[in-house]
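Undergrad:
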Amino acid sequence: MMKKKSVSARKASLVLFLCQMISALDVPLDSKLLEELSQPPTITQQSPKDYIVDPRENIVIQCEAKGKPPPSFSWTRNGTHFDIDKDAQVTMKPNSGTLVINIMNGGKAEAYEGVYQCTARNERGAAISNNIVIRPSRSPLWTKEKLEPNHVREGDSLVLHCRPPVGLPPPIIFWMDNAFQRLPQSERVSQGLNGDLYFSNVQPEDTREDYICYARFNHTQTIQQKQPISVKVFSTKPVTERQPVLLTPTGSTSTKVELRGNVLLLECIAAGLPTPVIRWIKEGGELPANRTFFENFKKTLKIIDVSEADSGNYKCIARNRLGSAHHVISVTVKAAPYWITAPRNLVLSPGEDGTLICRANGNPKPNISWLANGVPIAIAPEDPSRKVDGDTIIFSHVQERSSSVYQCNASNEYGYLLANAFVNVLAEPPRILTPANKLYQVIADSPALLDCAYFGSPKPEIEWFKGVKGSILRGNEYVFHDNGTLEIPVAQKDSTGTYTCVARNELGKIQNEVHLEVKDPTMIIKQPEYKVIQRYGQVSFECVIKHDSTLLPTIIWLKDNDELPDDERFLVGKDNLTIMNVTDKDDGTYTCIVNTTLDSVSASAVLTVVAAPPTPAIIYARPNPPFDLELTGQLERSVELSWIPGDENNSPITNFVIEYEDGLHEPGVWHYQTEVPGTQTTVQLKLSPYVNYSFRVIAVNEIGRSQPSEPSEQYLTKSANPDENPSNVQGIGSEPDNLVITWESLKGFQSNGPGLQYKVSWRQKDVDDEWTSVIVANVSKYIVSGTPTFVPYEIKVQALNDLGYAPEPSEVIGHSGEDLPMVAPGNVQVHVINSTLAKVHWDTVPLKTVRGHLQGYKVYYWKVQSLSIRSRRHVEKKILTFRGNKTFGMLPGLEPYSSYKLNVRVVNGKGEGPASPDKVFKTPEGVPSSPSFLRITNPTLDSLTLEWGSPTHPNGVLTSYILKFQPINNTHELGPLVEIRIPANESSLILKNLNYSTRYKFYFNAQTSVGSGSQITEEAITIMDEAGILHPAVGAGKVQPLYPRIRNVTTAAAETYANISWEYEGPDHANFYVEYGVAGSKEDWKKEIVNGSRSFFVLKGLTPGTAYKVRVGAEGLSGFRSSEDVFETGPAMASRQVDIATQGWFIGLMCAVALLILILLIVCFIRRNKGGKYPVKEKEDAHADPEIQPMKEDDGTFGEYSDAEDHKPLKKGSRTPSDRTVKKEDSDDSLVDYGEGVNGQFNEDGSFIGQYSGKKEKEPAEGNESSEAPSPVNAMNSFV
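Counted from 1, the sequence shown has number 1005 at position 1003 by my numbering; the numbering is strictly sequential.
(1) Measuring alpha carbon to alpha carbon, tell me which residue in 910, 1008 and 982 is nearest residue 933.
(2) Measuring CA to CA, which of 439, 339, 355 and 601 is closest to residue 449?
(3) Below 8 angstroms on the Cβ atoms is my guess for residue 936 versus residue 1018; work out the distance and round it to an integer in Å.
(4) Using a threshold of 8 angstroms, state whether the C-beta atoms of residue 569 and residue 590 are closer than that.
(5) For residue 819, which of helix, strand or coil comes out of DSSP?
(6) Starting from residue 258, follow its DSSP beta bridges and name the residues at the other end.
(7) With DSSP as the reference, label residue 752 as helix, strand or coil.
(8) Is residue 857 closer than 8 angstroms to residue 891 when the C-beta atoms are compared?
(9) In chain order, what are the residue ranges of uninterrupted beta strand (DSSP E) at least 3 long that sit wholly in the segment 917-953?
(10) Within 10 Å of its beta-carbon, does residue 153 have 16 or more other beta-carbons around it, so buried, or fewer, so exposed?
(11) Give the straight-line distance between the Cα atoms of residue 225 and residue 257, rounded to the nearest whole angstrom.
(12) Using 8 angstroms as the Cβ pair cut-off and three pairs as the minimum, do the segment 718-725 and the segment 682-691 touch?
(13) Following the continuous beta strand (DSSP E) through residue 851, name the residue where it begins and the one where it ends.
(14) Three-state secondary structure (DSSP) at residue 1205?
(15) State the DSSP-derived secondary structure class of residue 49, mapped to helix, strand or coil.
(16) Could you tell me if residue 1085 is buried or exposed, where buried requires 16 or more neighbouring beta carbons within 10 angstroms of its beta carbon?
(17) Can you give the Cα-Cα distance for residue 337 and residue 419, rounded to whole angstroms?
(18) For residue 960, tell me which candidate among 460, 322, 389 and 899 has the shortest Cα-Cα distance.
(19) Smallest Cα separation from residue 754: which of 701, 740 and 808?
(20) With distances taken between CB atoms, is the gap from residue 1053 to residue 1112 smaller than 8 angstroms?
(21) I think residue 560 touches residue 593, with their Cβ atoms under 8 angstroms apart; what is that distance to the nearest whole Å?
(22) One question on the structure: do residue 1133 and residue 1058 come within less than 8 angstroms of each other, judged by their Cβ atoms?
(23) Whole angstroms is fine: what's the gap from residue 773's alpha carbon to residue 764's?
(24) From residue 306 to residue 78, what does the alpha carbon distance come to, in whole angstroms?
(25) If we count the other Cβ atoms within 10 Å of its Cβ and call it buried at 16 or more, is residue 132 buried or exposed?
(26) Using the DSSP secondary-structure output, state which residues sit across from residue 739 in a beta bridge.
(27) Could you pull the DSSP bridge partners for residue 325 from this structure?
(28) Between the Cα of residue 585 and the Cα atoms of 572, 596 and 576, which residue gives the shortest distance?
(29) Whose C-beta lies closer than 7 angstroms to the C-beta of residue 498 among residues of the same chain, with five residues either side of it excluded?
(30) Identify which residue in 656, 234 and 760 has its Cα closest to the Cα of residue 775.
(31) Give every residue of the same chain whose Cβ lies closer than 8 angstroms to the Cβ of residue 285, excluding the five residues on either side of it in the sequence, and list them in chain order.
(32) By alpha-carbon positions, which one of 623, 388, 406 and 405 ends up nearest to residue 398?
(33) How far does the beta strand (DSSP E) with residue 672 in it extend, from its first residue to its last?
(34) Taking the alpha carbon of residue 160 as the point to measure from, which residue in 80, 201, 925 and 828 has its own alpha carbon closest?
(35) Thinking C-alpha only, which one of 1067, 206 and 1114 is nearest residue 1075?
(36) To the nearest whole angstrom, what separates the beta carbons of residue 672 and residue 661, a pair I think is in contact under 8 angstroms?
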């Protein structure tokens, strides 16, 4: 009976599970929806289970969760409630469960060691975090030991033990020497996994006294070193060879347990001479491929991501020429729990059923336990809808109060897994998440997917309708998806329309409309074709397309499926690609790709480049014309044409061009019909009605086109109604009371029959009026008279012939004739912005009074008079046109301090309307122009007379003139500046008390109330003495220039060059030159031109120890030059140079320095071997081994250097020898490689204090704390 019940229960569980799979709700990832729905808490972020923290930094234990309403947080520590309000060192982040424990301000990390768990709770349940085990990292000091030297016979094995202190986490071990360089390792010498250094056999070169083991503790950012170990190898002759013996592991067998997913490391290190070679095998199987690696010269077998299948016996074999040794390691792979099926969140409607499934595996098999809202389910509040069946919870007829968060815990002796999964019972009316009136566009004959994303609880039913009052959509032509999407597998043009999606459940109904547009597909109606072209010729590929008028296509050309070369020879047209001056590299496949927003099509063609003729004997020519044209299969709209090709003349025919003649409408005129590849000799031609056709064929090869063939027989097609209507229909009035309707007439063959005429129809737009029609002969214009002025008309023109009408034409909008505008713009206002710019405003005129197409407004403006100069002059009107319906405009280029008038007129296609009343405005004052002239006359010993003219454009009322002047000396340096203000009514000024024979520079400008205008400058010189004053009859009162002269020529000579300088008096802008030559020589003077008006020049390329003559002249002043000067260049310096390296005093100094360095090195070496007693601290005499504290980051010096016995701080700044600095570039395998990129520093006894992660030191360590509290390791292996 019990067995039957169990079977029934399992069947019921299966049925419920299937129901849950069918009925459970999926909540869409819609941000707005998620904000509105209630949701139990979900843990989103938490700290790792085993959390090792830096004891010097604040402890941050993360716990973040989401839910609706937002959850509150609480913590337990070691299984009991943790009241953070009672601990001043602990705070919780706002709107978060993350704890921050303040260690940097007095807290002790050891006091907060323990197991922490976070709970996030709201009205719908509680989620819990993993057990987070907090343990501070530890780096205990090395145990004191006395190390005896190792005396070893050559060829024997040796093990140097490291035995590092046990830290948390364990340290990284490496061996180095006193020079901080890594000890070389090989098949003979290598480091084991336990950190010991193994020698398979020792050699004499192994003798040294600085084998040092280093331990790096990452969390505390320190590196500690063991005392140096001494090894001395003594030789015995002969050296005895030995067969292999395993140093580690010992014995013949051993065992190893590893966890699934970890890295398995097996090690075998052997002694022997010659050095043994290690080989690994797996008994009864193969080593796993792709996961097996050998390290440490094959002494270590590494298998990554191990699984239970990797369990077994692994044998290592050590072999040399004397024999072998082996060891078998029995490996057992256990497994911490891992998920097979983790429980997932469940959203149900009231009354629905569902299941939570929690399945995990491990070795041994884990135990599964359930919690509800963080409480073991056995003692949690009862829920009649819930039933626990092992790893499954079954829910039946849930209600809103059934919402909870459930925790599944799977644990064994190697660890645990914890997963939160909520059951959220929601009662929600339907919601449609797809935006309303969304537009979908697809190409005809392709699928159309119309979305109706929805949510509701219970799950709504979805129905689709087409149109406003359409019936429900059913049938095989539609596919209805579970997510609400409607699929039309093959959309047609008639599928276009509005579709309505309706979602309903027992709590309500909602609907949404979307729109579908079906577009014509894009097609390439003329594809690129295969081309053969001769080198250096020209070729063109066509790509003519047809597309939906509402889509905008783009055409891209590719060569060999890549972009076209960036070459100007490639010309891309609207529907073709042309390649100029073809070369061999242009050979390839060319593809035309046409893209729209909805589809893409492509077509390709191959271009073959033909080489030049190999021999001149072969003559390439155009092909001969085709012949024997024949028409067959005559139908009303098609006929088949065939022909025989002529001789191709050594160049293959690439294509044939077919032309036609319409003997009925255009006799003697041949038109292009089509073209076909050169391999084709028949073609089906499409014909038009009422055309008397004749055809001819032209052959084309790479050389050119043949002569046309003889015409074929004529073929007259039957008449038919016109297929098309006239194009470019327009309606534009030429007079205010007419409408001129024009169109482009059909060509002769477009008439499709005799008696071509046109039916012209028109009616006034927006008026309930009938069409007025008239039939006219084959013309292209019709004038409708007596129309109102400028009103819109609907116009259409339809073609007809003796057999009937063309299809109904489309309508166009035209306008009757325009007339001049009736009214002027009103409310004209002028706003003067500055003295040269104004802004004019006006009101727009009513559109009805424009009586035409509004083109804009014209502003007429003109200057009436200047307010400063009363003068009459010709009035020049200026016009500015402002396009469109603007109501303002800017008037630039106005003259300051002037009176202007303006008016505004409206403009249409007929002309201008009446002008607005003239508007008067005035511009304000501006700055004046420069004075019209400045003359300086009547120079005396101490005075000059200045005369000037008023500004041509005063631009206002002049208030004064400003005169500034300053002296200029012979080196063109300016003296102090003097400023004089002169009344505006003055026109001259006598400057007195000037220096005699002095040049002055004058700056002169006028001023208005606005400011100063531009200035005018002049220069003048007072005379040297009274004799220099010329008689007025001679000098005419103007300043006479000084007699030009060059004086004080000086030289500064070097070996091969000389610097020449001089002083010049005379007119400005003189062009100087320097002449020079060898003194006493009769050779011609050499001449060098001086750039600009400089008073110095450098002569280069001179001969050392030579006397030269030099003089300076000014061009343009005939015969004017300075007196000669003589200089001598210096002797060559080569004889005076002394090689310092050969001097006795220098050699003696270098020898003394070298001897001093050697003595210092010997002293340091002796003191190091004696234990290293230094003046860093007196008490250190009794303690020889180093004890390390972290190095300060900011200044690179050591932190407090302490001893394990008294822990008293030393003085900072203990010295570090400069030759001990570790540089990355000095060695590729130095201590820097272990310090994560930051140079370390060492004490003088070899102890290392390093900071290598970049974190700032917070506190010194607490010394050797051997009595540490035990860590709660068991909490990592079981959850509860």
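Heads up, the beta-carbon is just placed ideally off N, CA and C, and yes, glycines get one too.
Fair warning: this is a prediction, and the values are worked out from it, not measured in the lab.
TA: Result, derived from the coordinates:
(1) Nearest of 910, 1008 and 982 to residue 933, Cα basis: 1008.
(2) 601
(3) 5 angstroms
(4) no
(5) coil
(6) 333
(7) helix
(8) no
(9) 921-924, 933-939 and 946-953
(10) With fewer than 16 other CB atoms across the displayed protein chains lying within 10 angstroms of its CB, residue 153 is exposed.
(11) 33 angstroms
(12) Contact between the segment 718-725 and the segment 682-691 is present: three or more C-beta pairs spanning the two stretches fall below 8 angstroms.
(13) Looking at the DSSP string, residue 851 is not in any beta strand (DSSP E); the run it does join, the alpha helix (DSSP H), is 849-852.
(14) Because residue 1205 carries a pLDDT of 38, less than 50, the predicted location of this residue cannot be relied on, and no value is offered for it.
(15) DSSP places residue 49 in coil when its eight states are reduced to three.
(16) exposed
(17) 12 angstroms
(18) 899
(19) 808
(20) yes
(21) 4 angstroms
(22) no
(23) 6 angstroms
(24) 37 angstroms
(25) buried
(26) Answer is none; residue 739 lacks a bridge partner.
(27) 322
(28) With distances taken between CA atoms, residue 585 lies nearest to 572 out of 572, 596 and 576.
(29) 518, 519 and 520
(30) The shortest Cα separation from residue 775 among 656, 234 and 760 belongs to 760.
(31) 314, 315, 316, 317 and 330
(32) Closest in alpha carbon position to residue 398, among 623, 388, 406 and 405, is 388.
(33) 668-679
(34) Ranking 80, 201, 925 and 828 by Cα distance to residue 160 puts 201 first.
(35) 1114
(36) Distance from residue 672 to residue 661 at the Cβ level is roughly 5 angstroms; contact confirmed, criterion being Cβ atoms closer than 8 angstroms.
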